[in-house]
Amino acid sequence: MKIEDYELIGFLDHILKIDEKGNFIPKIDPSTGTQKIDRITGLPVWEALQEGTRHSAKVMGHLDKNIKANRELLTSLYALIRRMQIQMELDGRVPGNSGTFADTLDGSTNKIKLDTAMTDIIEAVIIGTTTLKVASVDGFTPFTQVTIFDDVASEDVVITAVGTDTITVSALTNSYKKGAKVARSNVQIDTVNAEMGVGDWKTYNVELVEVV
Numbered sequence: 287m288k289i290e291d292y293e294l295i296g297f298l299d300h301i302l303k304i305d306e307k308g309n310f311i312p313k314i315d316p317s318t319g320t321q322k323i324d325r326i327t328g329l330p331v332w333e334a335l336q337e338g339t340r341h342s343a344k345v346m347g348h349l350d351k352n353i354k355a356n357r358e359l360l361t362s363l364y365a366l367i368r369r370m371q372i373q374m375e376l377d378g379r380v381p382g383n384s385g386t387f388a389d390t391l392d393g394s395t396n397k398i399k400l401d402t403a404m405t406d407i408i409e410a411v412i413i414g415t416t417t418l419k420v421a422s423v424d425g426f427t428p429f430t431q432v433t434i435f436d437d438v439a440s441e442d443v444v445i446t447a448v449g450t451d452t453i454t455v456s457a458l459t460n461s462y463k464k465g466a467k468v469a470r471s472n473v474q475i476d477t478v479n480a481e482m483g484v485g486d487w488k489t490y491n492v493e494l495v496e497v498v
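In structure tokens, the structure reads:
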């Protein structure tokens, strides 16, 4: 964010003149010879030793603009510091991580976007299987890694090909139930509590009811 130059307003106090007795000196209206009355406030006007800075839309608009700019700057700096904190926490914890992370947990975008592509295996598979029949292939591409998991086992495999309703992977080392998940990431992001959690795997009982 570019930081604009700030022009100081240079506020001045409004200081009134006083006589030798300590009383304010009236400002005389030459046309009447009496103390001048302010046409807007209806109050008497006194001689000023120093004219103070006038309260105006221009002055307040200048302040308002710069308060907004400073707030935006502080917000961006807070997000940057938060990212640096996360990067320092991750540094050295994950092999090959190189200090990069998928999500800053603050709802803002970053150089890396978490890939949330996920689908279901529609037929049970056994150890050694390479072709998976899935509910959808949206978001999956060859030569990317995915996690396959159910409530018993999980493993990471590499996709070698993507068909219209199948995903071909390296040979499985576990068997999986119908409904097992194939996911680019099984992480669930909680932006409210700024936490990452493990995704759930569930089965559901469905009762078919005939409608007459």
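Just add 286 to the spot in the sequence shown (first one is 1) and you have the working numbering.
Quick reminder that beta carbons are idealized off the backbone N, C-alpha and C, glycines included.
Opening and closing residue of the beta strand (DSSP E) in which residue i lies
i	result
Leu-442	For the record, residue 442 in the displayed sequence is Asp; it is not Leu. 440-448 is the extent of the beta strand (DSSP E) around Asp-442.
Val-432	431-435
Asp-406	404-406
Leu-335	334-336
Thr-452	452-455
Reference residue i, options the options, closest by Cα
i	options	result
Ile-407	Val-331, Ile-453, Ala-439, Ala-334	Ile-453
Lys-467	Thr-339, Leu-418, Tyr-292	Leu-418
Asp-291	Ala-334, His-348, Gly-308, Phe-426	His-348
His-341	Asp-476, Gln-474, Ile-295, Ala-421	Ile-295
Val-420	Ala-403, Ile-372, Asn-472	Ala-403
Ser-422	Asp-315, Glu-358, Phe-435, Thr-450	Thr-450
Asp-315	Leu-363, Thr-433, Arg-325	Arg-325
Trp-332	Gln-371, Gly-425, Ile-304	Ile-304
Ile-475	Arg-368, Asp-401, Ile-412, Ala-439	Asp-401
Phe-297	Gly-308, Gly-328, Val-345, Thr-318	Val-345
Tyr-462	Leu-359, Arg-470, Thr-433	Thr-433
Thr-416	Leu-458, Ala-355, Ile-372	Leu-458
Asp-499	Asn-472, Gly-425, Asp-424	Look at the range of the chain in this structure, 287 to 498, and you will see that residue 499 is not part of it.
Glu-293	Phe-435, Lys-351, Asn-479	Lys-351
Helix, strand or coil at residue i [DSSP, three-state]
i	result
Ala-469	strand
Thr-415	coil
Tyr-462	strand
Leu-302	strand
Ile-295	coil
Ile-323	strand
Residue(s) in a DSSP beta bridge with residue i
i	result
Val-420	Ile-407
Pro-316	Paired residue(s): none; Pro-316 is not in a bridge.
Phe-426	Paired residues: none, contrary to the question.
Neighbourhood of residue i by C-beta, 8 Å cutoff - its chain only, sequence neighbours within 5 removed
i	result
Pro-428	Ile-445, Thr-446, Ala-447, Val-448
Asp-299	Gln-336, Gly-338
Asn-479	none
7 Å CB neighbourhood of residue i in its chain, flanking five on each side removed
i	result
Pro-500	Shown here, the chain extends from 287 to 498; a query on residue 500 therefore has no answer.
Glu-409	Lys-419, Lys-464
Asn-460	Ile-413, Ala-439, Glu-441
Cβ shell of residue i (< 6 Å), same chain only, five flanking positions each side left out
i	result
Gln-431	Asp-442, Val-444
Ser-456	Val-443, Val-444
Ile-301	Leu-335, Gln-336
Gly-425	Ala-403
Thr-405	Val-420, Ala-421, Ser-422, Val-468
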